[in-house]
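This report refers to the structure that appears directly beneath it.
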Ligand code: AMP
């Protein structure tokens, strides 16, 4: 089995300057699954939902090759609920409500069929749960990537550092990199964070693209200038799904291939923001993805003319 994805499957309620949703389907694990499913034909998800979660979305995931034997459904309990409101610039948001519900006592059980996964994507969850997943795998995956957020830095920094020490790739945004390292310069922050353990660090910079650090190399991926951004929710998870999905599909973790994976992730994230929730990802076609990746390549393609 190639890819194992661990992350929240949730209800979200979102408010942006363009509108407001009631409870819609969200969750880091959902975005990672949908995004990576355009690259890998099969994957496992380890997560938990309540009995209120709509079976139609589970069918949708299954139809996209997501095996649900690691998805627990808790009778008599409610699905995780998160609500957020974006500021006018769409780059920052406030969390309005976090109801952990089934996530409060989440015990990530790895189904036998998911053992032996070569690629592990640890979506944003408590660092203890993320570590438990690594410890419960009978074989270390070829690559472990991990996302996290400032929430865990505020309340569980020591636990978080213990988990970060175990992964190969950490994927965070610029604000989180600064909080984690105490450094303003992202270059200094990247050194500090990689000293904690991960050999690779990806720093996402919202509408300014993403940076990939490894040894003394750095690669910069642009973000596509988009005319309209409706809802950035899930863009980070969609990026992570595209990144890990691309790597799992090509089964190549060289720095050169990680650069391509960074572009694949950025292309997927650029779709995510075009509609509220998972709407755009659910209806994407391979042709649209190929065209979008081409647009990314053209965005920074130039030849320098050397003056004599
Ligand atoms: P992103 O916009 O990429 O940061 O991810 C947004 C998604 O993360 C939403 O769909 C939420 O359901 C989910 N989420 C927000 N807070 C948490 C949390 N504390 N634990 C797990 N998932 C969360």
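In my numbering, the protein residues as written are 358 to 665.
Beta carbons: idealized from backbone N, C-alpha and C, even for Gly.
Keep in mind that this is a model prediction, so the values were computed, not measured.
As assigned by DSSP and simplified to three states, the class of residue i
{"i": "residue 662", "result": "coil"}
{"i": "residue 388", "result": "helix"}
{"i": "residue 502", "result": "strand"}
{"i": "residue 466", "result": "coil"}
{"i": "residue 422", "result": "coil"}
{"i": "residue 603", "result": "helix"}
Member of the options whose CA lies at the smallest distance from the CA of residue i
{"i": "residue 525", "options": "634, 610, 490 and 444", "result": "610"}
{"i": "residue 652", "options": "509, 608, 487 and 578", "result": "578"}
{"i": "residue 582", "options": "465, 649, 428 and 377", "result": "649"}
{"i": "residue 625", "options": "363, 373, 558 and 642", "result": "642"}
{"i": "residue 434", "options": "619, 457 and 606", "result": "457"}
{"i": "residue 450", "options": "646, 534 and 591", "result": "591"}
{"i": "residue 564", "options": "474, 552 and 446", "result": "446"}
Endpoints, beta strand (DSSP E) assigned at residue i
{"i": "residue 567", "result": "567 to 571"}
{"i": "residue 448", "result": "Unbroken run through residue 448: none, as it is neither H nor E."}
{"i": "residue 369", "result": "367 to 373"}
{"i": "residue 403", "result": "400 to 407"}
Any C-beta of chain B under 8 Å from that of residue i
{"i": "residue 608", "result": "Looking for chain B here will not work: only one protein chain is present."}
Terminal residues of the alpha helix (DSSP H) in which residue i lies
{"i": "residue 429", "result": "Counting along the chain, residue 429 falls outside any alpha helix (DSSP H), though it belongs to the beta strand (DSSP E) covering 428 to 431."}
{"i": "residue 531", "result": "531 to 538"}
{"i": "residue 363", "result": "From DSSP, residue 363 is part of no alpha helix (DSSP H) but of the beta strand (DSSP E) over 360 to 363."}
{"i": "residue 577", "result": "From DSSP, residue 577 is part of no alpha helix (DSSP H) but of the beta strand (DSSP E) over 574 to 578."}
{"i": "residue 479", "result": "Run containing residue 479: none in the alpha helix (DSSP H); it sits in the beta strand (DSSP E), 476 to 479."}
Cβ-based burial, residue i [other Cβ within 10 Å; buried from 16]
{"i": "residue 544", "result": "exposed"}
{"i": "residue 453", "result": "exposed"}
{"i": "residue 637", "result": "buried"}
{"i": "residue 444", "result": "exposed"}
{"i": "residue 487", "result": "buried"}
{"i": "residue 411", "result": "exposed"}
(message) Contact between the region 392 to 410 and the region 359 to 371 is defined here as three or more beta-carbon pairs at a separation below 8 Å; is this criterion met?
(response) The answer is yes - the region 359 to 371 touches the region 392 to 410, with three or more Cβ pairs under 8 Å.
(request) Would you check if there are 3 or more beta carbon pairs closer than 8 Å linking the region 570 to 577 to the region 459 to 479? (result) No contact exists between the region 570 to 577 and the region 459 to 479.
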